[in-house]
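Asker:
There are 2 protein chains.
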Amino acid sequence: METLTRNQQIVLDIINKSSEPLKAYTILSNVQKKGIKAPPQVYRALDKLIEMGKIHKIESKNAFVACQNSSCNVSKATAFSICESCEEVTEISNSKISKYLSNFAEKAGMEYKKYNLEFFGLCKKCK
Amino acid sequence: METLTRNQQIVLDIINKSSEPLKAYTILSNVQKKGIKAPPQVYRALDKLIEMGKIHKIESKNAFVACQNSSCNVSKATAFSICESCEEVTEISNSKISKYLSNFAEKAGMEYKKYNLEFFGLCKKCK
DNA sequence: TTACATAATGTTATTTTATAACAATAAACT
DNA sequence: AGTTTATTGTTATAAAATAACATTATGTAA
């Protein structure tokens with residue numbers, strides 16, 4: 047179990063507290079009172095947290111969310127559903143999807159390391 | 047069958063000719079001799095071409111590729127495999143994946159409109 | 001055809017997202 | 001303690017995308 051550095055912990059705390067994906071510069075403005083002053087400090091922390099699987103990047107939004115799946119301490123397969131109305135992002139932790147896709151990748155002749163899947167539509171509330 | 051405007055056609059031609067995903071500013075520098083001078087012109091063409099399903103955006107790379115799947119004239123479900131060594135990007139047009147994932151989304155209670163899936167790993171050549 | 005609406009374009013400036021480069025500290029190792 | 005390695009702080013800049021608005025082209029209906 048890796049221990050976090052000060053900056054990593056500060057950034058992770060903000061993301062954990064948030065109910066929605068946060069952008070890097072939003073994070074920055076929220077941690078400036080804690081002494082993190084410049085973008086590279088935020089991006090470096092984000093990079094490490096992603097490596098550790100503590101957070102994920104929502105590529106279509108350039109935003110970052112806490113991993114909601116306690117078992118994924120290495121980020122190798124991520125899936126999200128994204129509501130186009132309320133912007134809610136939910137991590138899908140479905141072992142069937144994961145198995146299905148890993149299997150598919152192998153059959154396709156690819157030495158697969160990870161995947162990212164993003165669903166777009168309307169969530170239960172919004173539809 | 048929609049007809050393309052001049053700018054859309056110019057941008058599509060460049061992307062079609064390329065064997066790899068192109069970034070917006072790479073496209074721009076390649077079409078300046080044809081009279082497209084500024085980023086908004088490129089981005090507007092890209093947006094329309096995506097709407098039409100002629101091209102797709104590789105979110106993890108901020109790059110654009112021609113649709114390799116002649117049947118997808120509306121871009122609602124895309125899947126790619128991306129080689130982390132040679133950067134080759136291949137569109138996966140597998141109706142099974144598509145069916146499986148659509149099905150999954152529906153069961154999850156989401157009114158699903160589209161998805162984007164990106165696999166990362168090593169392609170056949172590189173592994 | 002002419003008038004009106006709609007869409008596409010051209011252009012400048014700016015915003016947003018991300019990284020390069022390098023000096024300064026701190027942590028881990030032998 | 002001295003050396004290596006990782007992390008931090010900082011400034012500047014690069015890369016990606018959009019806002020805003022004036023202009024031109026295209027479609028449509030009287």
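One line per chain: the protein sequences are A and B, in this order. Every letter in the first sequence is one number past the one before it in the numbering used here, and letter 102, counting from 1, is 148. Every letter in the second sequence is one number past the one before it in the numbering used here, and letter 38, counting from 1, is 84. By construction, the Cβ of each residue, glycine as well, lies at the ideal position given by its N, Cα and C atoms.
#1: Out of B:Lys-122, B:Ala-84, B:Asn-108 and B:Gly-167, state which residue places its alpha-carbon closest to the alpha-carbon of Glu-66 of chain B.
#2: Quick check on this structure: which residue in A:Glu-133, A:Tyr-158, A:Tyr-146 and A:Ile-143 has the alpha carbon closest to the alpha carbon of Lys-173 of chain A?
#3: Hey, Tyr-146 of chain B and Leu-163 of chain A: beta-carbon distance below 8 Å or not?
#4: Let me confirm a value: Gly-167 of chain B is counted as buried when at least 16 other C-beta atoms fall within 10 Å, else exposed. Which label applies?
#5: Just to confirm the assignment, what range does the alpha helix (DSSP H) spanning Leu-168 of chain B have?
#6: Fully enclosed by the region 67 to 149 of chain B, which beta strand (DSSP E) runs are 3 residues long or longer?
#7: Report yes or no: do the region 57 to 75 of chain A and the region 95 to 114 of chain A share at least 3 C-beta pairs separated by less than 8 Å?
#8: Output the distance between the C-alpha atoms of Ser-64 of chain B and Val-57 of chain B, rounded to the nearest integer angstrom.
#9: Grab the span of the alpha helix (DSSP H) containing Leu-58 of chain A for me, first residue to last.
#10: Would a C-beta distance cut-off of 8 Å place Ser-106 of chain B and Glu-105 of chain A closer than the cut-off?
#11: Measuring straight from C-alpha to C-alpha, what distance separates Thr-124 of chain B and Arg-90 of chain A?
#12: Give a yes or no on whether 8 Å exceeds the smallest Cβ distance from Ile-61 of chain B to chain A.
#13: Could you list which residues in chain A have their beta carbon closer than 9 Å to that of Lys-80 of chain B, in chain order?
#14: Where Ile-143 of chain B and Met-98 of chain A are concerned, what is the direct C-alpha to C-alpha distance, given to the nearest angstrom?
#15: Does DSSP put Lys-173 of chain A in a helix, in a strand, or in coil?
#16: Determine, for Asn-162 of chain A, whether the minimum Cβ-Cβ distance to residues of chain B falls below 8 Å.
#17: Please state whether DSSP places Ala-154 of chain A in a helix, a strand or coil.
#18: Under 8 Å, do Gln-54 of chain A and Lys-94 of chain A count as touching if we go by C-beta distance?
#19: Rounded to whole angstroms, what's the CA-CA distance from Ser-75 of chain B to Ser-139 of chain A? Just pull it up for me.
#20: Taking any Cβ of chain A, which residues in the region 140 to 171 of chain B have a Cβ under 9 Å from it, in chain order?
#21: Would Phe-165 of chain B and Ser-131 of chain B be called neighbours here (beta carbons separated by less than 8 Å)?
#22: Using C-beta distances below 8 Å, list every residue in its chain close to Cys-169 of chain A, excluding the 5 sequence neighbours before and after it, in chain order.
Answerer: So, from the listed chains and residues:
#1: Nearest option by C-alpha distance: B:Asn-108.
#2: Proximity to Lys-173 of chain A across A:Glu-133, A:Tyr-158, A:Tyr-146 and A:Ile-143 peaks at A:Glu-133, based on C-alpha coordinates.
#3: No. Outside cutoff.
#4: So Gly-167 of chain B counts as buried.
#5: Careful: Leu-168 of chain B lies outside any alpha helix (DSSP H), inside the beta strand (DSSP E) at 157 to 168.
#6: Counting only runs of 3 or more, we get 101 to 104, 109 to 112, 123 to 129 and 135 to 137.
#7: The region 57 to 75 of chain A is in contact with the region 95 to 114 of chain A.
#8: About 11 Å.
#9: Start and end: 52 to 63.
#10: Yes, the pair counts as a contact, with Cβ atoms nearer than the cut-off.
#11: A direct Cα-Cα distance of roughly 30 Å separates Thr-124 of chain B from Arg-90 of chain A.
#12: No - not a single Cβ of chain A is within 8 Å of the one on Ile-61 of chain B.
#13: From the beta-carbon of Lys-80 of chain B, no residue of chain A is found nearer than 9 Å; the closest lies around 30 Å away.
#14: Distance between the alpha carbons of Ile-143 of chain B and Met-98 of chain A is about 29 Å.
#15: Of the three classes helix, strand and coil, the one that applies to Lys-173 of chain A here is coil, per DSSP.
#16: It does: the Cβ of Asn-162 of chain A has a partner Cβ on chain B nearer than 8 Å.
#17: Three-state DSSP puts Ala-154 of chain A in coil, outside helix and strand.
#18: Yes.
#19: Rounded to the nearest angstrom, the two C-alpha atoms are 42 Å apart.
#20: Within the region 140 to 171 of chain B, the residues whose Cβ lies closer than 9 Å to some Cβ of chain A are Asn-140, Lys-142, Ile-143, Tyr-146, Leu-147, Phe-150, Ala-151, Ala-154, Gly-155, Met-156, Glu-157, Tyr-158, Lys-159, Lys-160, Tyr-161, Asn-162, Leu-163, Glu-164, Phe-165, Phe-166, Gly-167, Leu-168, Cys-169 and Lys-170, listed in chain order.
#21: It is not a contact, given that the beta carbons lie outside the stated cut-off.
#22: Only Ser-127, Cys-129, Ser-131, Cys-132, Glu-134 and Thr-136 meet the Cβ criterion.
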